[in-house]
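J.:
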């Protein structure tokens with residue numbers, strides 16, 4: 004088998020932890036490959052996250068629909084010398100044939116409630132664990148960060164600039180998608196633009212300005228190539244002088260029918276510089292030229308800039324968005340909750356799992372907003388909106404693929420419906436309540452008494 008340098012549809016089945024395969028081999032050897040149900044959920048919210056935005060479901064469903072072990076993968080597993088022929092033969096014909104219930108992408112969610120529920124052959128659902136945790140955990144992490152940036156920006160827009168700092172090529176692609184779901188207006192990542200239809204946005208680098216004899220020549224040349232969409236970087240040497248040069252060039256280019264869209268600030272005291280640059284441009288008669296800021300921004304920095312009255316029209320957010328720098332991981336887990344012998348529970352300290360097939364209901368009562376996790380067979384609570392939707396049956400999608408714009412719109416609406424204290428960017432004052440139904444509570448108590 005040739006070395007696999009990229010994850011692809013033909014090798015993604017091997018993007019799993021070895022113990023998933025060894026457990027599966029044992030299930031096959033002992034005739035335990037029977038129906039089972041697993042829940043994927045986040046065990047707890049990070050200290051500064053009052054809510055999450057579910058993201059990555061479409062890629063998760065793609066993975067499940069296409070799950071298979073091609074000959075090269077089977078040859079590699081055989082070469083390890085740890086799997087018998089019976090198990091390898093099972094993998095040769097393996098396809099996901101089960102069902103999936105999931106919250107829709109873009110929906111807000113909370114800790115200790117099922118986000119995705121898989122039911123199928125034990126081997127099928129066991130082998131899916133690593134990929135699903137990676138796919139849904141990472142994109143949910145970035146989409147949740149992006150939603151916070153969107154809250155900080157308010158009516159202003161921001162662009163995903165994270166590709167060069169993200170933790171790997173696929174991470175950069177998925178981060179751009181998740182950032183767009185979370186509220187980014189565009190991305191600088193061209194591959195993400197092609198793959199997902201995300202609007203693209205870009206400016207120029209300091210190296211471009213340095214390549215020319217002077218700044219005016221650089222700005223003039225760039226604007227003539229992009230006469231309606233030029234954003235000029237003005238802090239290569241002296242930011243305020245750069246703004247004066249842009250003003251002169253913009254006046255000159257008006258006679259050619261060329262307009263400069265914006266200037267970009269990427270260093271220094273951005274708050275103070277934005278004010279002086281705004282004054283320079285306005286005084287020169289260029290109120291139409293916007294100010295765009297970048298450079299180590301996140302929701303807190305943006306909120307502080309805007310609260311201080313900085314006249315900034317848009318933001319480029321990179322490192323701290325694509326890596327979710329303040330919260331670089333989520334405690335997302337995938338646990339067995341039912342098999343042919345009945346509901347299953349884990350009662351380890353601080354790591355209990357709730358048994359049985361469940362549904363999540365959102366109660367949007369202004370006086371007492373909360374979620375309820377209930378057993379699937381229980382009557383829905385009054386006023387409850389069910390969140391888990393049927394996504395796959397018999398191994399295949401039962402609905403059309405959602406446009407990314409629809410997912411993004413769902414996130415905007417879902418965040419807007421949250422109580423004000425949950426949307427606040429500071430420390431979490433009171434967690435959004437997630438309650439257990441009477442039936443689920445009784446089942447937990449019964450299983451814990453065994």
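Residue numbers (the working numbering): 4 to 453. For each residue, glycine too, the CB sits at the ideal point set by N, CA and C.
Can you tell which of 144, 66, 59 has its C-alpha closest to the C-alpha of residue 12?
T.: Checked all of 144, 66, 59; the closest Cα to residue 12 is 66.
J.: I want to know whether the stretch 143–156 touches the stretch 426–446 - three or more CB-CB distances under 8 Å.
T.: Touching, yes.
J.: What is the C-beta distance between residue 390 and residue 110, in whole angstroms, given that I count them as a contact (C-beta under 8 Å)?
T.: Indeed, because the Cβ distance is near 6 Å, the residues count as touching under 8 Å.
J.: For residue 405 versus residue 61, is the C-beta distance shorter than 9 Å?
T.: Contact: yes.
J.: Counting C-beta neighbours from all protein chains within 10 Å, is the total for residue 222 16 or more, i.e. buried, or is it exposed?
T.: When all chains shown are included, residue 222 counts as buried.
J.: DSSP state of residue 4, grouped into three classes?
T.: With a pLDDT of only 44 at residue 4, under 50, the local geometry of the prediction cannot be trusted, and no value is derived from it.
J.: When burial is assigned at 16 or more other CB atoms within 10 Å of the CB, is residue 33 buried or exposed?
T.: Its Cβ having fewer than 16 others within 10 Å, residue 33 is exposed.
J.: What whole-angstrom Cβ distance do residue 267 and residue 206 have, given they're in contact under 8 Å?
T.: That belief holds up - the Cβ atoms of residue 267 and residue 206 are roughly 5 Å apart, short of 8 Å.
J.: With a threshold of 8 Å, are at least 3 pairs of Cβ atoms found where one atom belongs to the stretch 128–137 and the other to the stretch 435–442?
T.: Touching, no, given that fewer than three Cβ pairs across the two stretches are closer than 8 Å.
J.: Could you check if residue 234 is buried or exposed, using at least 16 other CB atoms within 10 Å of its CB as the buried criterion?
T.: Buried, because 16 or more other Cβ atoms sit within 10 Å of the Cβ of residue 234.
J.: On the DSSP bridge list, what partners appear for residue 349?
T.: DSSP lists no partner for residue 349.
J.: Along the chain, which unbroken stretches of the beta strand (DSSP E) at least 3 residues long are found entirely within the stretch 104–157?
T.: Within the stretch 104–157, the complete beta strand (DSSP E) runs of at least 3 residues are 119–124.
J.: Among 14, 453, 30, 449, which has the Cα closest to the Cα of residue 72?
T.: For the residues 14, 453, 30, 449, the minimum Cα distance to residue 72 belongs to 14.
J.: So residue 362 is in the beta strand (DSSP E); what residue range does that whole segment cover?
T.: That run of the beta strand (DSSP E) goes 361–366.
J.: Out of 159, 125, 104, point me to the one whose CA is closest to residue 318's CA.
T.: Cα-wise, what sits closest to residue 318 is 159.
J.: With C-beta atoms as the reference, is residue 113 less than 9 Å away from residue 374?
T.: Their beta carbons are under 9 Å apart, which means residue 113 touches residue 374 by this criterion.
J.: Sort out for me which residues DSSP pairs residue 33 with in a bridge.
T.: In DSSP, residue 33 forms no bridge with anything.
J.: Are the beta-carbon atoms of residue 1 and residue 320 separated by less than 9 Å?
T.: Examination of residue 1 is not possible in this model, given that the chain is present from 4 through 453 alone.
J.: Assign residue 289 to one of three DSSP states: helix, strand, or coil.
T.: DSSP places residue 289 in coil when its eight states are reduced to three.
J.: Are residue 399 and residue 127 close, meaning C-beta to C-beta below 9 Å?
T.: Cβ atoms of residue 399 and residue 127: not closer than 9 Å.
J.: Any idea what DSSP makes of residue 298, helix, strand or coil?
T.: Here residue 298 sits in coil by DSSP.
J.: Quick one: Cα of residue 402 to Cα of residue 394, how far?
T.: Computed Cα separation, rounded: 7 Å.
J.: What does DSSP give as the partner residues of residue 55 in its beta bridges?
T.: DSSP, once it has assigned bridges, lists 112 as partnering residue 55.
J.: Suppose you measure from the CA of residue 409 to the CA of residue 37; what does that come to, to the nearest Å?
T.: Their Cα atoms are separated by approximately 37 Å.
J.: Can you tell me whether residue 190 is helix, strand or coil according to DSSP?
T.: It is a strand residue.
J.: Going by the beta-carbon positions, is the gap between residue 21 and residue 120 smaller than 9 Å?
T.: Not in contact: residue 21 and residue 120 (Cβ atoms no closer than 9 Å).
J.: Would you call the CB atoms of residue 365 and residue 387 closer than 9 Å?
T.: Yes, these two residues count as a Cβ contact at 9 Å.
J.: Near residue 309, what residues of its chain come up, given a Cβ to Cβ distance below 8 Å and the 5 sequence neighbours on each side ignored?
T.: Around residue 309: 155, 156, 157, 159, 315.
J.: Tell me, please, which residues DSSP counts as bridged to residue 393.
T.: In the DSSP output, where bridge partners are listed per residue, residue 393 has 104.
J.: Taking residue 38 as part of the alpha helix (DSSP H), name the residues at either end of that continuous run.
T.: It is not in any alpha helix (DSSP H) - residue 38 instead sits in the beta strand (DSSP E) that spans 38–45.
J.: Leaving out five residues before and five after residue 195 in sequence, what residues of the same chain have Cβ atoms less than 7 Å from its Cβ?
T.: Excluding residues within five positions, the ones whose Cβ falls inside 7 Å are 176, 179, 180, 201.
J.: Run the CB neighbour count on residue 454, radius 10 Å, all protein chains shown included, and call it buried at 16 or more, exposed below.
T.: Because the chain spans 4 through 453 in this model, residue 454 falls outside it and cannot be assessed.
J.: What would DSSP say about residue 165, mapped onto helix, strand or coil?
T.: Correct three-state label for residue 165: coil.
J.: When you compare the stretch 139–148 with the stretch 345–359, are there three or more beta-carbon pairs, one atom per stretch, that lie closer than 8 Å?
T.: Contact between the stretch 139–148 and the stretch 345–359 is absent, because fewer than three Cβ pairs lie under 8 Å.
J.: CA-CA distance, residue 185 and residue 117?
T.: Their Cα atoms are separated by approximately 20 Å.
J.: Judging by CA-CA distance, which residue of 380, 204, 224 is the nearest neighbour of residue 213?
T.: Closest by alpha carbon: 224.
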